[in-house]
């Protein structure tokens, strides 16, 4: 019995020899369908195991490389990381969309990078990414808007222009209701040119948002107008302020009509003092007191 057991061919030999004893090319078994031998010589086919894990690890490799580049000390390498992110958005959009929250933990730091070249590169890439990913960026829209608006007052013209392009891309491709909310929230922390740019963006969004969510306009756009009427918007008294405020008022009047005047009547005294005679037969107009900005 022992001799017979010793003479039993191994699994390896069974795989190599045919019924006639001749050797045949050995078939390559997939890793997910392995053949094993029991103590009594029976062949067992193991079910698929550990297939998804190696694949998941393989998919994470480009992300690990991305994170490593984005947090590098050398600014040139950080710029390589920004470029890699754009490449992955084009070639692996699903991978980026699935991991967008964690990716932004690294990327939004580059939007406020201490090196202006990295910062401008990140803003330029962000403008492209917004067009590529669109709604997939919803989980990070707060950080996205914050990263853009912080650069609107940059002393570097290249950085400032890149921020404006990213903001324009946001209006074109992101959810407009969410965008109005975040722009209004960020506006409270802005001043100077950045405040004017954000106000203009809110003005552009008014008509579209009001047609779908009028309560959002009343809650997030109206306070922007009241801040101008209360003369708290800017420390600078300029024609550009009046122009931006007038455009917002006209946009609101177009969608709200006389309801806008009624809303103003319930506001603090400063608003009520500034608002009389704003409305005329053909539309909304500022009174002479507004010229005192």
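Numbering (UniProt numbering), first residue to last: 1 to 293. Here a beta-carbon is modelled for each residue, glycine too, at the ideal position from N, C-alpha and C.
Coarse secondary structure for residue i, derived from DSSP in three states
i: residue 48; result: Bear in mind that a pLDDT of 49 at residue 48, under 50, signals an unreliable position, so the number given afterwards is only what the model happens to contain. Here residue 48 sits in coil by DSSP.
i: residue 266; result: coil
i: residue 74; result: coil
i: residue 115; result: coil
i: residue 182; result: helix
i: residue 206; result: helix
i: residue 110; result: helix
i: residue 143; result: helix
i: residue 174; result: coil
When the options are compared against residue i, the one with the closest alpha-carbon
i: residue 65; options: 94, 93, 103; result: 103
i: residue 123; options: 241, 61, 162, 215; result: 162
i: residue 114; options: 188, 138, 159, 241; result: 159
i: residue 201; options: 248, 116, 120; result: 248
i: residue 203; options: 90, 171, 215, 261; result: 171
i: residue 125; options: 242, 80, 239, 138; result: 80
i: residue 139; options: 105, 223, 207, 225; result: 105
i: residue 155; options: 143, 223, 192, 181; result: 192
Whole-angstrom distance between residue j and residue i, CA atom to CA atom
i: residue 174; j: residue 167; result: 10 Å
i: residue 59; j: residue 93; result: 12 Å
i: residue 258; j: residue 70; result: 52 Å
i: residue 256; j: residue 108; result: 37 Å
i: residue 147; j: residue 263; result: 33 Å
i: residue 194; j: residue 56; result: 43 Å
i: residue 89; j: residue 131; result: 10 Å
i: residue 186; j: residue 209; result: 18 Å
i: residue 30; j: residue 99; result: Low confidence applies to residue 30: its pLDDT is 46, below 50, so where it sits in the model is not reliable, and the reading given next is rough at best. Answer to the nearest angstrom: the Cα atoms are 30 Å apart.
i: residue 116; j: residue 190; result: 20 Å
i: residue 244; j: residue 196; result: 7 Å
Continuous alpha helix (DSSP H) stretch holding residue i: start and end
i: residue 93; result: 93-98
i: residue 214; result: 214-220
i: residue 248; result: 239-256
8 Å contact criterion, which residue i and residue j should meet: CB distance rounded
i: residue 183; j: residue 164; result: About 13 Å; that fails the 8 Å criterion.
i: residue 86; j: residue 129; result: 7 Å
beta-carbon residue i near the ligand NAP non-hydrogen atom, thresh 6 Å
i: residue 184; result: Annotation note on the ligand NAP: not contained in the displayed structure, which lists no ligands.
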